[in-house]
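A.B. asks: Residue numbers for the sequence shown, in our numbering: 106 to 319.
Dropping the structure in here first, questions after.
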Amino acid sequence: MATRGAIAAAASTIWKHRRNPSLRSLSRHFNPNFNHRIIPTGFKYQVRAIQGTSTDPVITPLKNREEPKPQNWKIKMLYDGDCPLCMREVNMLMERNEKHGTIKFVDISSNDYSPEDNQGLDYKTVMGQIHAIQSDGNVVKGVEAFRRLYEEVGLGWVYTITKFEPIGKLADVVYDVWAKYRLQVTGRPSIEAILEARKKDKVETCGESKNCKI
106 MATRGAIAAA ASTIWKHRRN PSLRSLSRHF NPNFNHRIIP TGFKYQVRAI QGTSTDPVIT
166 PLKNREEPKP QNWKIKMLYD GDCPLCMREV NMLMERNEKH GTIKFVDISS NDYSPEDNQG
226 LDYKTVMGQI HAIQSDGNVV KGVEAFRRLY EEVGLGWVYT ITKFEPIGKL ADVVYDVWAK
286 YRLQVTGRPS IEAILEARKK DKVETCGESK NCKI
């Protein structure tokens, strides 16, 4: 949601100063109105592996949902289930996906997350920015990943404008800045601290099991 709002604002600025004839026809149809709130950086959210139990609000995936069967999904979304702001968007996509059934959701924050099952994408890499995997194995990331995901649930128009330059490049820049600082913005520890906590948690969970991967 924060990503969509930032991209829409940036696009509006360029639209005022640089009219592109090839895009004018889109202006009549593309009029997004996204309301988003700035989350105070001092507000702390729960991180399972680091903070333990907490009374702070945690946004989690909607329960009692059946993911599309493997042969039916067209794109797999790798999302950070410990990111409170991200989960607002994930939950929205889950709701829309109930009708379409074309997105498979994979929570990378789960201790069961396996890079081997997801084109070799490890936890640290996917934490850097959003990744999605198409059914043919093609990996997309960043704004393109959002665009493909939204298209699958009938909301492709939201990101249509990012297909055109210079909006597309600007959208990538805006998203990259958000991705770089999202842990800090949402009041979470650094990626190094999170990785260390996950490693410790897995060691405690695995014990002396030789078959457990850390």
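Built from N, CA and C at the ideal position, the CB exists for glycine as well.
Express the C-alpha separation of residue 287 and residue 272 in angstroms, rounding to a whole number.
C.D. replies: If you take the alpha carbons of residue 272 and residue 287, they lie about 22 angstroms apart.
A.B. asks: Using 8 angstroms for Cβ pairs, my map puts residue 280 next to residue 233. What's the rounded Cβ distance?
C.D. replies: Rounded, the Cβ-Cβ distance is 12 angstroms, inconsistent with contact.
A.B. asks: Tell me, please, which residues DSSP counts as bridged to residue 239.
C.D. replies: BP columns for residue 239 point to 180.
A.B. asks: Using the DSSP secondary-structure output, state which residues sit across from residue 246 in a beta bridge.
C.D. replies: Answer by DSSP bridge pairing, in chain order: 236.
A.B. asks: Which class does residue 272 belong to by DSSP, given the choice of helix, strand or coil?
C.D. replies: If DSSP states are grouped into helix, strand and coil, residue 272 belongs with the helices.
A.B. asks: Comparing alpha-carbon positions, which option in 297, 192, 237, 249 lies nearest residue 278?
C.D. replies: Closest option to residue 278, Cα to Cα, is 249.
A.B. asks: Could you pull the DSSP bridge partners for residue 285 from this structure?
C.D. replies: DSSP output for residue 285 lists no bridge partner at all.
A.B. asks: Going straight from the alpha carbon of residue 194 to that of residue 213, what length do you get?
C.D. replies: Each residue's alpha carbon lies about 16 angstroms from the other.
A.B. asks: Should residue 200 be labelled buried (16 or more other beta-carbon atoms within 10 Å of its own) or exposed?
C.D. replies: Residue 200 comes out exposed.
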